[in-house]
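S.K.:
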Amino acid sequence: MVTQIISTMETQVSNGPTSNSSLPNGPLISANGATDDSKTNLIVNYLPQNMTQEEFKSLFGSIGEIESCKLVRDKITGQSLGYGFVNYVDSNDADKAINTLNGLKLQTKTIKVSYARPSSASIRDANLYVSGLPKTMSQKEMEQLFSQYGRIITSRILVDQVTGVSRGVGFIRFDKRIEAEEAIKGLNGQKPLGASEPITVKFANNPSQKTGQALLTHLYQTTARRYTGPLHHQTQRFRLDNLLNMAYGVKSPLSLISRFSPITIDSMTSLAGVNLTGASSAGWCIFVYNLSPEADESVLWQLFGPFGAVTNVKVIRDFTTNKCKGFGFVTMTNYDEAAMAIASLNGYRLGDRILQVSFKTSEEFVKTKHGAI
DNA sequence: TTAAATT
1 MVTQIISTME TQVSNGPTSN SSLPNGPLIS ANGATDDSKT NLIVNYLPQN
51 MTQEEFKSLF GSIGEIESCK LVRDKITGQS LGYGFVNYVD SNDADKAINT
101 LNGLKLQTKT IKVSYARPSS ASIRDANLYV SGLPKTMSQK EMEQLFSQYG
151 RIITSRILVD QVTGVSRGVG FIRFDKRIEA EEAIKGLNGQ KPLGASEPIT
201 VKFANNPSQK TGQALLTHLY QTTARRYTGP LHHQTQRFRL DNLLNMAYGV
251 KSPLSLISRF SPITIDSMTS LAGVNLTGAS SAGWCIFVYN LSPEADESVL
301 WQLFGPFGAV TNVKVIRDFT TNKCKGFGFV TMTNYDEAAM AIASLNGYRL
351 GDRILQVSFK TSEEFVKTKH GAI
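Just so we're aligned, residue 1 is where the first sequence starts under UniProt numbering, counting upward by one.
(1) Determine the direct distance from the alpha carbon of K325 to that of F319, and round the result to whole angstroms.
(2) At what residue ranges does the UniProt domain "RRM" (284 to 362) contain a whole run of the alpha helix (DSSP H), taking only runs of 4 or more?
(3) Report yes if the CB atom of K176 is closer than 9 Å to the CB atom of A94, and no otherwise.
(4) I think F56 touches L47, with their Cβ atoms under 8 Å apart; what is that distance to the nearest whole Å?
(5) Considering only C-alpha positions, which residue in the set D296, T321, R353, I76 is nearest to N290?
(6) Pull up the CB-CB distance for Q107 and G308, whole angstroms please, since I reckon it's below 8 Å.
(7) State the Cα-Cα distance for the pair A295 and L355, rounded to the nearest angstrom.
(8) Give every residue of the same chain whose Cβ lies closer than 8 Å to the Cβ of I199, excluding the five residues on either side of it in the sequence, and list them in chain order.
(9) Do A183 and Y149 have their beta-carbon atoms positioned less than 9 Å apart in this structure?
(10) Quick check: Y88 and G103, are their CB atoms within less than 9 Å of each other?
(11) Would you mind reading off the limits of the beta strand (DSSP E) that contains E67?
(12) Give the straight-line distance between the Cα atoms of L350 and K70, rounded to the nearest whole angstrom.
(13) Is the Cβ-Cβ distance between F203 and L128 less than 9 Å?
(14) In the DSSP assignment, what residue or residues form a beta bridge with I43?
(15) What does DSSP give as the partner residue(s) for N205 in the beta ladder?
(16) Could you pull the DSSP bridge partners for G170 from this structure?
(17) With DSSP collapsed to three states, give me the class of K210.
(18) To which residues of the same chain is A272 closer than 6 Å at the C-beta, ignoring the five residues directly before and after it?
(19) If you draw a straight line from the C-alpha of T40 to the C-alpha of S62, how long is it?
(20) Might you give, ordered along the chain, the residues of its own chain that have their beta carbon closer than 7 Å to the beta carbon of T235, omitting 5 neighbours on each side?
(21) K176 by DSSP, collapsed to three states: which one?
(22) Here's a check: name, in chain order, each residue in its chain whose Cβ is nearer than 6 Å to the Cβ of N312, leaving out the five neighbours to either side.
(23) Can the beta-carbon of S155 be found closer than 9 Å to that of F171?
(24) Between the C-alpha atoms of K105 and S122, what's the straight-line distance to the nearest angstrom?
(25) Please classify I111 as buried or exposed, where buried requires at least 16 other C-beta atoms within 10 Å of its C-beta.
(26) If you drop the 5 nearest sequence neighbours on each side, which residues of the same chain put their C-beta closer than 6 Å to that of G84?
(27) I believe W284 touches A338 by the beta-carbon criterion, under 8 Å. Please report the beta-carbon distance rounded to the nearest angstrom.
(28) Tell me the rounded alpha-carbon separation between K360 and F287.
(29) Buried or exposed for G78, please, with buried defined as at least 16 other CB atoms from any protein chain shown within 10 angstroms of its CB.
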């Protein structure tokens, strides 16, 4: 059965900066001499699995100067654990990052940006797995049931993707491990008010502790698709049409869009005499035109992030006014994702403006180089 | 019928 998470119901409890300082900004020094980063250090959760450290830094660096950042990875496999930390130089930028990037949709995920709690053993392993919940119980009701044992950081109920009905399974993350322990003692094997069956409450599995078999399966799945054979010739022709349409900002049927490799594009475009500079070792550069003067980088992340791996965004600004000059660039790693973003966003209405989105051509390169736009 | 939250 396919499942999904009720991400829109994600509990938005702010981890909250510890309120032990009256100083406004900058690196704060506490009585014991340690730097207080409670107002600058953020934890970012629900990152896409394939997001790299560079993409992570690029996304959060678009807000302000970063003191340090880290995408947390599995020590053995190097796989992303789906979360990371960003410590800004200025606490105002940390605040801005929460306001502009929390809830940002990146591929299939909705990221969460909140203040990191001070690291401590007492907050680890405070996550509970709950099963046997009445199908009618809402996330809010589940929280009410558990909140008597402590402060809840997050809660979720898993639902069937097709029907949307609860699977009777959920997660509760407490602030402290002791709170989670008390909740198990108090609620495991108990019937919620009005329920016919008792619930099971136990510590959740740590997702980073995979079995060897699961790791092998994962490795196979993530490497196998890189070695797929060449595309059928007939298919390539349709895709060339599609490419040419998109390179010049012409709407094309979505049905023609599917995956093909940068190598295929390079050979085809040189044959067709098209000068596409969108392709490079860094990824696929996309030209976005008709942005408002107030546009900033977060707009580009919001627009393109849902389509796949975005490595960089850039709003071109006037040197003196610092206002957007009406255009920007987005770099995406994978061709098919970039193509889908272009097909979907070209002609898209953003406020009172119609966006023009295409692969970057040498034409834009010349225009931007000479500042002609 | 367990999803990536403490460096």
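Idealized CB from N, CA, C, for every residue including glycine.
M.R.: This is what the structure holds:
(1) As a position in the first sequence, residue 319 is number 319, starting the count at 1. As a position in the first sequence, residue 325 is number 325, starting the count at 1. Answer to the nearest angstrom: the Cα atoms are 10 Å apart.
(2) 297 to 304, 335 to 345
(3) Reading the first sequence from its first residue, position 176 is the one you call residue 176. Reading the first sequence from its first residue, position 94 is the one you call residue 94. Going by C-beta atoms, K176 is not nearer than 9 Å to A94.
(4) Looking up residue 56 in the first sequence gives position 56. Looking up residue 47 in the first sequence gives position 47. So it is a contact: roughly 7 Å between Cβ atoms.
(5) Residue numbering aside, residue 290 sits at position 290 when the first sequence is read from its first letter. Ranking D296, T321, R353, I76 by Cα distance to N290 puts R353 first.
(6) Along the first sequence, one-based indexing puts residue 107 at 107. Along the first sequence, one-based indexing puts residue 308 at 308. With 8 Å as the limit, Q107 and G308 qualify as a contact, their Cβ atoms being about 6 Å apart.
(7) Here residue 295 corresponds to residue number 295 of the first sequence, with the count starting at 1. Here residue 355 corresponds to residue number 355 of the first sequence, with the count starting at 1. Taking the straight line joining both Cα atoms gives about 12 Å.
(8) Here residue 199 is taken as the residue at index 199 of the first sequence, counted from 1. So the list reads V130, S131, G132, L133, L187, N188, G189, Q190, K191, P192, once near-sequence residues are dropped.
(9) Stepping through the first sequence from its first residue, residue 149 is reached at position 149. Stepping through the first sequence from its first residue, residue 183 is reached at position 183. It is a contact, given that the beta carbons lie within the stated cut-off.
(10) Taking the first residue of the first sequence as position 1, residue 88 is located at position 88. Taking the first residue of the first sequence as position 1, residue 103 is located at position 103. Contact flag unset, no.
(11) Counting from 1 along the first sequence, the entry for residue 67 is found at position 67. Here the beta strand (DSSP E) through E67 covers 66 to 73.
(12) As a working mapping, residue 350 is identified with position 350 in the first sequence. As a working mapping, residue 70 is identified with position 70 in the first sequence. In a straight line, the C-alpha of L350 is about 33 Å away from that of K70.
(13) For the purposes of this step, residue 203 is taken as residue 203 along the first sequence, with counting starting at 1. For the purposes of this step, residue 128 is taken as residue 128 along the first sequence, with counting starting at 1. Yes, the pair counts as a contact, with Cβ atoms nearer than the cut-off.
(14) Here residue 43 corresponds to residue number 43 of the first sequence, with the count starting at 1. F85, S114, per the DSSP bridge assignment.
(15) Translated into positions along the first sequence, residue 205 becomes position 205. Beta-bridge pairing links N205 to no other residue.
(16) Your numbering for residue 170 matches position 170 in the first sequence. Answer is V130, I157.
(17) Within the first sequence, residue 210 is the residue found at index 210, counting from 1. At K210, the pLDDT of 49 sits below 50, so the modelled position is not reliable; the number obtained from the coordinates is stated separately. DSSP places K210 in coil when its eight states are reduced to three.
(18) Taking the first residue of the first sequence as position 1, residue 272 is located at position 272. Residue confidence is low: A272 scores 37 on pLDDT, short of 50, so the model does not pin down where it sits. No coordinate-derived value is stated.
(19) Here residue 40 corresponds to residue number 40 of the first sequence, with the count starting at 1. Here residue 62 corresponds to residue number 62 of the first sequence, with the count starting at 1. Those two C-alpha atoms are separated by around 15 Å.
(20) By 1-based counting over the first sequence, the position of residue 235 is 235. In this prediction, T235 scores a pLDDT of 30, lower than 50, which makes its location untrustworthy; no coordinate-derived value is stated.
(21) As a first step, residue 176 must be located in the first sequence, where it is residue number 176. Correct three-state label for K176: coil.
(22) In the first sequence, the residue the question calls residue 312 occupies position 312. Counting only Cβ-Cβ distances below 6 Å, and skipping sequence neighbours, we find S58, T331.
(23) As a position in the first sequence, residue 155 is number 155, starting the count at 1. As a position in the first sequence, residue 171 is number 171, starting the count at 1. For S155 and F171, yes; Cβs fall inside 9 Å.
(24) Position 105 of the first sequence, counted from the start, is the residue given in the question as residue 105. Position 122 of the first sequence, counted from the start, is the residue given in the question as residue 122. Approximately 31 Å between the Cα atoms of the pair.
(25) As a working mapping, residue 111 is identified with position 111 in the first sequence. When all chains shown are included, I111 counts as buried.
(26) Residue mapping note: residue 84 aligns to position 84 of the first sequence, counting from 1. V44, F56, K70, L71, V72.
(27) Position 284 of the first sequence holds residue 284. Position 338 of the first sequence holds residue 338. Right, their Cβ atoms sit about 4 Å apart.
(28) Numbered from its first residue, the first sequence carries residue 360 at position 360. Numbered from its first residue, the first sequence carries residue 287 at position 287. Straight-line Cα distance between these residues: approximately 5 Å.
(29) Residue numbering aside, residue 78 sits at position 78 when the first sequence is read from its first letter. Answer is exposed; the Cβ neighbour count stays below 16.
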